[in-house]
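749 is the number of the first residue of the sequence shown in the numbering used here; add one for each residue after it.
Data first, discussion second: the structure below is written as structure tokens.
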Amino acid sequence: MRLAAVIAVLVLVVGTAAFAAPAFQTISNARVKAAIAEFVRQKTDGLGMETTLKRIGFQGDLKVPVGEVSFEVAAPNRWEGWGKANLAVIVRVNDRVERNISVPVEVEALGDTVVVLRALERGDVIGAADVTVQRRDLSTLTGRVYRSADEVIGKRARMPVRANMPLRGDQLEKVPLVKSGQLVTILVENQAMRLTATGKARGNGAEGDIVMVQNLGSLKEVPARVIDAGTVQVDF
Numbered sequence: 749m750r751l752a753a754v755i756a757v758l759v760l761v762v763g764t765a766a767f768a769a770p771a772f773q774t775i776s777n778a779r780v781k782a783a784i785a786e787f788v789r790q791k792t793d794g795l796g797m798e799t800t801l802k803r804i805g806f807q808g809d810l811k812v813p814v815g816e817v818s819f820e821v822a823a824p825n826r827w828e829g830w831g832k833a834n835l836a837v838i839v840r841v842n843d844r845v846e847r848n849i850s851v852p853v854e855v856e857a858l859g860d861t862v863v864v865l866r867a868l869e870r871g872d873v874i875g876a877a878d879v880t881v882q883r884r885d886l887s888t889l890t891g892r893v894y895r896s897a898d899e900v901i902g903k904r905a906r907m908p909v910r911a912n913m914p915l916r917g918d919q920l921e922k923v924p925l926v927k928s929g930q931l932v933t934i935l936v937e938n939q940a941m942r943l944t945a946t947g948k949a950r951g952n953g954a955e956g957d958i959v960m961v962q963n964l965g966s967l968k969e970v971p972a973r974v975i976d977a978g979t980v981q982v983d984f
């Protein structure tokens, strides 16, 4: 009798524990990687590049409670979608965060890159014959590279650049049209009037740059936008 009572209690305890145990589901390794691959695809879509996800550093499956699973993938703010990065993969079940894991990835991206055909010296102005556009793996390049020849033609080299090298943003600068101390025409214009005055530039500026200009009549200094080699415009 006593033995039967003990058995009954054990059965009750085991049964209750089994009833109370939460149910789990398994998220496969392939499903997690598919969510990451889709994020990378959307990140680089429309950029005119061929991307290949070379590595996803995630192994094994995930065990989470039963429910509706959703993924959120986030990248570092400065990651453009290629090269190496650690992505944050957030797994939710019924909108509740169950996992937040860091996954290293490596993405190859073949895209148009402006390549200089001759060695450039500091101060050289780039012409159309000096550059070409080639497909290169952007993930192997450092810094922002130019992707259209129109972006570089007419600019000058800030430093020496070897031939057959992709051109980076920090290697070039716009050619100043206005130089410090130069006399310029100050233009003030809107739909109702057009006024001009003679001024002196207080700094160098390329087309579209804002420079300080002293009005020689009033001796006041105002910011003005460079229009051409002898004209600046005050916007108001």
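Don't be surprised by glycine CBs; every beta carbon is placed ideally from N, CA and C.
On a predicted model such as this, the values are computed, not experimentally measured, just so you know.
Rounded to the nearest whole angstrom, the C-alpha separation of residue 912 and residue 932 is 40 Å. Considering only 979, 883 and 784, the residue with the shortest C-alpha distance to residue 855 is 784. If you keep only unbroken beta strand (DSSP E) runs of at least 3 residues inside the segment 918 to 976, you get 931 to 937, 942 to 949, 958 to 963 and 969 to 976.
In terms of Cβ geometry, residue 886 and residue 827 do not form a close pair [threshold 8 Å]. The alpha carbon of residue 957 has as its nearest neighbour, out of 948, 787 and 981, the alpha carbon of 981.
The alpha helix (DSSP H) runs lying completely inside the segment 874 to 914 and spanning 4 residues or more number zero.
Taking residue 804 as the centre and dropping the five residues before and after it, the same chain places the C-beta of 781, 784, 851 and 853 closer than 7 Å to its C-beta, in chain order. Around the C-beta of residue 895, 16 or more other C-beta atoms lie within 10 Å, and the residue is accordingly described as buried. Comparing alpha carbon positions, the residue from 928, 984 and 864 closest to residue 910 is 864. Looking only at 904, 835 and 858, the smallest Cα-Cα distance to residue 869 is reached by 904. Residue pairing by DSSP puts residue 819 in a beta bridge opposite 839. In terms of Cβ geometry, residue 952 and residue 914 do not form a close pair [threshold 8 Å]. Partner residues in the beta bridge of residue 860, as assigned by DSSP, are 883. Note on geometry: alpha-carbon atoms of residue 907 and residue 973 lie some 26 Å from one another.
Under the 10 Å beta carbon count, residue 878 is surrounded by 16 or more other beta carbons and is classified as buried. The secondary-structure analysis by DSSP pairs residue 834 across a beta bridge with 852.
Between residue 860 and residue 883 the beta-carbon gap is near 6 Å, inside 8 Å, which marks them as a contact. For residue 814, there is no enclosing alpha helix (DSSP H), as DSSP marks it with neither H nor E. Each residue's CA atom was taken as its position, placing residue 955 and residue 791 some 33 Å apart.
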